[in-house]
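First the structure, in the form of structure tokens, and then the observations on it.
Number of protein chains: 2
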Amino acid sequence: MASPINPIAIHVTEAPPRTKLTNYPEPFASRIAGREKHPLGDLFGLTNFGVNLTRLAPHAISALRHAHSKQDEFIYILKGNPTLQTDEGRTQLSPGMCAGFKAGTGNAHNLINETSEEVLYLEIGDRTPGDEGTYPDDDIQALLVEGKWQFTHKDGTPY
Amino acid sequence: MASPINPIAIHVTEAPPRTKLTNYPEPFASRIAGREKHPLGDLFGLTNFGVNLTRLAPHAISALRHAHSKQDEFIYILKGNPTLQTDEGRTQLSPGMCAGFKAGTGNAHNLINETSEEVLYLEIGDRTPGDEGTYPDDDIQALLVEGKWQFTHKDGTPY
Numbered sequence: 001m002a003s004p005i006n007p008i009a010i011h012v013t014e015a016p017p018r019t020k021l022t023n024y025p026e027p028f029a030s031r032i033a034g035r036e037k038h039p040l041g042d043l044f045g046l047t048n049f050g051v052n053l054t055r056l057a058p059h060a061i062s063a064l065r066h067a068h069s070k071q072d073e074f075i076y077i078l079k080g081n082p083t084l085q086t087d088e089g090r091t092q093l094s095p096g097m098c099a100g101f102k103a104g105t106g107n108a109h110n111l112i113n114e115t116s117e118e119v120l121y122l123e124i125g126d127r128t129p130g131d132e133g134t135y136p137d138d139d140i141q142a143l144l145v146e147g148k149w150q151f152t153h154k155d156g157t158p159y
Numbered sequence: 001m002a003s004p005i006n007p008i009a010i011h012v013t014e015a016p017p018r019t020k021l022t023n024y025p026e027p028f029a030s031r032i033a034g035r036e037k038h039p040l041g042d043l044f045g046l047t048n049f050g051v052n053l054t055r056l057a058p059h060a061i062s063a064l065r066h067a068h069s070k071q072d073e074f075i076y077i078l079k080g081n082p083t084l085q086t087d088e089g090r091t092q093l094s095p096g097m098c099a100g101f102k103a104g105t106g107n108a109h110n111l112i113n114e115t116s117e118e119v120l121y122l123e124i125g126d127r128t129p130g131d132e133g134t135y136p137d138d139d140i141q142a143l144l145v146e147g148k149w150q151f152t153h154k155d156g157t158p159y
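These protein sequence lines map, in sequence, to chains S and P.
Take 1 as the starting number for the first sequence in the UniProt record's numbering and just add one per residue.
Take 1 as the starting number for the second sequence in the UniProt record's numbering and just add one per residue.
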């Protein structure tokens with residue numbers, strides 16, 4: 001469905017999906033097939049932070065497990081039972097639960113949908129310049145340059 | 001219920017209410033009796049933006065109708081049917097609907113619960129320094145100084 005121009009309010013199910021599925025290079029891009037992001041904050045012209053409605057198909061993951069240097073993140077579960085992975089281990093989530101990921105702690109997180117049902121959640125993150133993403137489980141690192149993520153191997157060589 | 005220390009995740013109904021009900025001076029403070037905010041982002045140590053679970057009792061309002069100079073705001077309705085008031089007029093909201101309020105537009109907003117049922121929503125706002133609040137319907141203005149709101153009459157005299 002086309003999004004209205006400058007809406008006053010919308011039902012989140014009316015928000016169109018983001019056309020670019022991921023910024024990850026291969027082989028990582030293929031690992032997040034099954035994740036669909038619907039930008040919500042952008043529809044209202046918000047720039048200081050982003051809000052997405054994100055769907056995880058059965059067995060999809062939200063992202064590579066990662067930590068941000070400057071960006072705080074927050075999630076609120078609307079539907080389904082994703083598994084949150086952090087440095088502390090695995091935590092089962094359910095609708096009405098929320099979690100926050102403080103920038104700069106180095107504690108890496110992602111969500112996995114290990115169920116046969118769809119997962120739906122809201123995700124919020126600010127857009128602090130100079131943010132970096134670190135990935136303890138994978139040979140990739142990320143730097144936010146002028147609003148765009150640049151990915152390299154951990155030794156700095158490009159993908 | 002006491003909040004856990006550094007939780008990995010919580011159900012939002014476990015989040016304790018904010019002890020200070022409002023920063024407004026009288027006679028405005030009394031007008032938002034019936035509004036209860038439960039900070040969520042703070043529980044996880046987030047500082048770049050705030051996330052609250054907010055309850056509006058029947059006939060309560062979310063805030064004086066206001067606009068921010070620097071803070072973007074976003075709401076997501078979890079329960080109930082609040083009325084959103086903006087410069088464009090009144091919009092009826094329902095669960096699953098969201099709205100965003102871009103900083104610097106001057107378009108002022110608030111929510112009113114005109115029903116006999118509780119309203120529950122998530123609100124997100126960033127914490128950009130130097131933010132100012134303007135109130136088209138009331139003799140009050142606000143300035144964020146070192147993370148605290150300072151309120152004066154529109155002619156600058158203090159309350």
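Built from N, CA and C at the ideal position, the CB exists for glycine as well.
Predicted model, so just to flag it, every value in this text is computed and none were measured.
Quiz prompt | 8 angstroms Cβ shell around H38(P) - same chain, five flanking residues per side excluded | solution = Here residue 38(P) is taken as the residue at index 38 of the second sequence, counted from 1. Excluding positions up to five away in sequence, the list reads V12, A15, P16, P17, R18, N52, L53, T54, R55.
Self-check item: Straight-line gap, T83(S) to E132(P) (C-alpha atoms, nearest Å)
Solution: Your numbering for residue 83(S) matches position 83 in the first sequence. Your numbering for residue 132(P) matches position 132 in the second sequence. The straight-line gap from Cα to Cα measures roughly 40 angstroms.
Quiz item: Do you know how far the Cα of A99(P) is from the Cα of G45(S)?
Solution: Position 45 of the first sequence, counted from the start, is the residue given in the question as residue 45(S). Position 99 of the second sequence, counted from the start, is the residue given in the question as residue 99(P). In a straight line, the C-alpha of G45(S) is about 11 angstroms away from that of A99(P).
Self-check item: Beta-ladder partner(s) of V119(S), from DSSP
Solution: The residue labelled residue 119(S) in the question sits at position 119 within the first sequence. V119(S) pairs with L56(S).
Quiz item: If we cut at 9 angstroms on Cβ distances, does A2(P) have a partner in chain S?
Solution: If you number the second sequence from 1, residue 2(P) lands on position 2. Confidence is the limiting factor: at A2(P) the pLDDT is only 47, short of 50, which leaves the residue's position unreliable and the question unanswerable from this model.
Practice problem: Please compile the residues from chain P whose C-beta is within a distance smaller than 7 angstroms of the C-beta of H11(S). | Solution: Position 11 of the first sequence, counted from the start, is the residue given in the question as residue 11(S). Per Cβ cutoff of 7 angstroms: G96, M97.
Quiz prompt | N- and C-terminal bounds of the beta strand (DSSP E) containing F74(S) | solution = For this step, residue 74(S) is matched to residue 74 along the first sequence. Where F74(S) is concerned, the enclosing beta strand (DSSP E) stretches over 73-79.
Self-check item: Exposed unless 16 or more other CB atoms sit within 10 angstroms - verdict on A67(P)
Solution: Here residue 67(P) is taken as the residue at index 67 of the second sequence, counted from 1. By the neighbour-count rule (16 or more Cβ atoms within 10 Å), A67(P) is buried.
Quiz item: Short check: CB of A103(P) to CB of D72(P), under 9 angstroms?
Solution: As a position in the second sequence, residue 103(P) is number 103, starting the count at 1. As a position in the second sequence, residue 72(P) is number 72, starting the count at 1. Against a cut-off of 9 angstroms, the Cβ pair of D72(P) and A103(P) comes out as a contact.
Quiz prompt | Any beta strand (DSSP E) of 3 or more consecutive residues that is wholly inside the segment 86-118 of chain P | solution = 89-92, 97-101, 110-112
Practice problem: Compile a chain-ordered list of the residues in the segment 44-57 of chain P whose CB is closer than 8 angstroms to at least one CB of chain S. | Solution: F44, G45, L46, T47, N48, F49, V51
Exercise. Tell me, please, whether the segment 24-43 of chain S touches the segment 85-93 of chain P by the rule of three or more beta-carbon pairs shorter than 8 angstroms.
Key: no
Quiz item: By DSSP, does R35(P) sit in helix, in strand, or in coil?
Solution: Working through the second sequence from its first residue, we reach residue 35(P) at position 35. If DSSP states are grouped into helix, strand and coil, R35(P) belongs with the strands.
Exercise. Give every residue of the same chain whose Cβ lies closer than 6 angstroms to the Cβ of P25(P), excluding the five residues on either side of it in the sequence, and list them in chain order.
Key: Taking the first residue of the second sequence as position 1, residue 25(P) is located at position 25. Excluding sequence neighbours, P25(P) sits near F151, Y159.
Quiz item: Per DSSP, E134(S) is paired with what?
Solution: Your numbering for residue 134(S) matches position 134 in the first sequence. It should be noted that the sequence gives Thr, not Glu, for residue 134(S). According to DSSP, which records beta bridges pairwise, T134(S) is partnered with A67(S), Q141(S).
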